[in-house]
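*Asks:* Dumping the structure here so I can ask a few things about it.
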Amino acid sequence: MTIGMKHLKLIRKVGKGAFGSIFIAKDVKNNRRVACKIETKVTSRQLLHEYNIYILVQTTDNERNPAIMPKIYEFGRIQINNDFLNCMVMELLGVSLEKKFNNLKRRFSDATILMIGIRCIEQIKMLHSRNFLHRDIKPENFMLNRNEDSIYIIDLGLGKKFWDSLHNRHIPFRNDKNLTGTARYASVNTAGGCEQGRRDDLESLGYMLIYFWKGRLPWQGIKAETRKEKYEKIFKIKSEIKIKELCEECPKEMVKYMEAVRMLKFTDYPNYDGYIRLFKEALKRMGFEDHTKYEWLEEEK
Numbered sequence: 001m002t003i004g005m006k007h008l009k010l011i012r013k014v015g016k017g018a019f020g021s022i023f024i025a026k027d028v029k030n031n032r033r034v035a036c037k038i039e040t041k042v043t044s045r046q047l048l049h050e051y052n053i054y055i056l057v058q059t060t061d062n063e064r065n066p067a068i069m070p071k072i073y074e075f076g077r078i079q080i081n082n083d084f085l086n087c088m089v090m091e092l093l094g095v096s097l098e099k100k101f102n103n104l105k106r107r108f109s110d111a112t113i114l115m116i117g118i119r120c121i122e123q124i125k126m127l128h129s130r131n132f133l134h135r136d137i138k139p140e141n142f143m144l145n146r147n148e149d150s151i152y153i154i155d156l157g158l159g160k161k162f163w164d165s166l167h168n169r170h171i172p173f174r175n176d177k178n179l180t181g182t183a184r185y186a187s188v189n190t191a192g193g194c195e196q197g198r199r200d201d202l203e204s205l206g207y208m209l210i211y212f213w214k215g216r217l218p219w220q221g222i223k224a225e226t227r228k229e230k231y232e233k234i235f236k237i238k239s240e241i242k243i244k245e246l247c248e249e250c251p252k253e254m255v256k257y258m259e260a261v262r263m264l265k266f267t268d269y270p271n272y273d274g275y276i277r278l279f280k281e282a283l284k285r286m287g288f289e290d291h292t293k294y295e296w297l298e299e300e301k
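With the first letter of the sequence shown counted as 1, position 221 gets the number 221 in full-length UniProt numbering; the numbers rise by one all the way through.
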């Protein structure tokens with residue numbers, strides 16, 4: 001490979017998504033290893049959209065690089081063979097929560113799941129405070145740092161502003177939308193074709209936490225002739241299943257959380273701090289009040 005951004009030396013590909021690939025690279029100018037997200041299509045602007053959201057979120061209110069997401073170092077065009085492709089250079093992180101879940105034989109402790117919930121709500125609250133939705137909350141989009149003692153939210157490529165700053169109002173409700181995000185974790189309203197709001201990120205987080213407790217969700221493995229038919233089947237199960245049934249094997253606080261976020265109206269301001277208190281109460285009730293480390297850190301003692 002010939003590289004246009006001469007100070008970057010690509011080492012190896014570590015991931016691939018719908019819009020591009022992730023590489024580990026060496027930044028020889030600053031003598032550090034970094035992650036490079038490189039778009040696969042010359043004409044695509046998806047990565048530039050994601051970069052702009054990162055910058056807007058990270059620089060609002062003069063807060064540089066809040067600790068909810070990786071540091072973004074630069075954006076440019078990198079020469080790969082004869083093409084110049086968009087490239088976003090960012091802080092190199094560890095593994096995703098999905099990868100860690102698989103590494104631990106698909107079991108997290110109650111304390112770890114509750115701590116993940118608290119951390120993720122804090123991050124979603126921060127993102128929403130910058131007027132952006134994530135719209136693809138799932139275990140693959142939360143990464144551990146290199147020390148594995150903190151979790152960062154990543155992949156803002158599907159992010160969207162929910163607040164019209166020019167007119168000082170929420171974006172309008174619509175019910176003619178195609179599904180944006182991942183069907184497994186999409187909220188009921190998203191699966192039903194509704195415009196997404198703050199409530200939907202939080203409902204998706206709920207499904208992610210239930211997935212960690214149960215190991216799978218009731219609508220996983222659905223077979224269908226077409227993607228449209230599959231989405232319709234998932235929507236039917238999601239919209240009909242009782243929350244208590246869905247949350248079997250989970251702490252009772254999970255039922256309260258799901259009931260609360262499911263009751264939110266499209267433009268409602270979520271009670272983020274109340275949800276965090278709920279999970280902290282669960283930690284206390286279950287005897288984990290002083291539990292401050294994820295289980296994989298405890299095992300390293």
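Every residue gets a Cβ at the ideal spot worked out from N, C-alpha and C, and that includes glycine.
Here the structure is a predicted model, which is why all the values come from computation and not from measurement.
Could you pull the start and end residues of the alpha helix (DSSP H) that residue 201 belongs to?
*Replies:* 198–214
*Asks:* Express the C-alpha separation of residue 193 and residue 140 in angstroms, rounding to a whole number.
*Replies:* 23 Å
*Asks:* When you compare each of 78, 15, 237 and 114 to residue 183 by their alpha carbons, which one comes out closest?
*Replies:* Across the set 78, 15, 237 and 114, the C-alpha of 237 shows the shortest separation from the C-alpha of residue 183.
*Asks:* Quick one: any contact between the region 103–116 and the region 280–298, if contact means 3 or more CB pairs under 8 Å?
*Replies:* yes
*Asks:* Taking the straight line between their C-alpha atoms, what separation do you get for residue 30 and residue 12?
*Replies:* 19 Å
*Asks:* Tell me the rounded alpha-carbon separation between residue 306 and residue 280.
*Replies:* Outside the displayed span of the chain (1 to 301) sits residue 306, for which this structure offers no information.
*Asks:* Nearest-angstrom Cα distance between residue 104 and residue 94?
*Replies:* Going from the Cα of residue 104 to the Cα of residue 94 covers about 15 Å.
*Asks:* Note down, one range per segment and in chain order, each alpha helix (DSSP H) of at least 4 residues found wholly within the region 21–78.
*Replies:* 46–59
*Asks:* For the alpha helix (DSSP H) containing residue 263, name the first residue and the last one.
*Replies:* 252–263
*Asks:* Can you list, in chain order, the stretches of the alpha helix (DSSP H) that have 4 or more residues and sit fully within the region 120–191?
*Replies:* 188–191
*Asks:* Using alpha carbons as the reference points, say which of 15, 171, 116 and 86 lies closest to residue 42.
*Replies:* 86
*Asks:* Three-state secondary structure (DSSP) at residue 106?
*Replies:* Reduced to three states, the DSSP call for residue 106 is coil.
*Asks:* Could you tell me which residues DSSP pairs with residue 80 in its beta bridges?
*Replies:* According to DSSP, which records beta bridges pairwise, residue 80 is partnered with 83.
*Asks:* Inspect the CB distances between the region 113–124 and the region 46–58 and report whether three or more fall short of 8 Å.
*Replies:* no
*Asks:* Check whether the Cβ atoms of residue 213 and residue 249 lie closer than 9 Å to each other.
*Replies:* yes
*Asks:* Ends of the beta strand (DSSP E) at residue 11?
*Replies:* 8–16
*Asks:* Would you report the Cα separation of residue 255 and residue 200, rounded to the nearest angstrom?
*Replies:* 16 Å
*Asks:* Report yes if the CB atom of residue 9 is closer than 9 Å to the CB atom of residue 28, and no otherwise.
*Replies:* yes
*Asks:* Classify residue 61 as buried or exposed, calling it buried when 16 or more other Cβ atoms lie within 10 Å of its own Cβ.
*Replies:* The predicted position of residue 61 is uncertain, since its pLDDT is 49 and thus under 50; no value can be drawn from it.
*Asks:* Applying the 10 Å Cβ sphere with the 16-neighbour rule, what's the burial state of residue 235?
*Replies:* buried
*Asks:* Under the assumption that residue 303 contacts residue 88 (Cβ atoms under 8 Å), give the Cβ distance between them as a whole number of angstroms.
*Replies:* In this structure the chain extends from 1 to 301, so residue 303 is not present and cannot be described.
*Asks:* Could you give the residue range of the alpha helix (DSSP H) that holds residue 236?
*Replies:* Its alpha helix (DSSP H) spans residues 227–240.
*Asks:* Three-state secondary structure (DSSP) at residue 115?
*Replies:* For residue 115, the three-state secondary structure derived from DSSP is helix.
*Asks:* Give me, in chain order, the residues of the same chain whose beta-carbon lies closer than 6 Å to that of residue 99; leave out the 5 immediate sequence neighbours on both sides.
*Replies:* Within the same chain, residue 99 has no close Cβ partners at all.
*Asks:* Take residue 187 as the anchor and find which of 145, 251, 245 and 231 has the nearest alpha-carbon.
*Replies:* 231
*Asks:* Is the separation between the beta-carbon of residue 197 and that of residue 266 shorter than 9 Å?
*Replies:* yes
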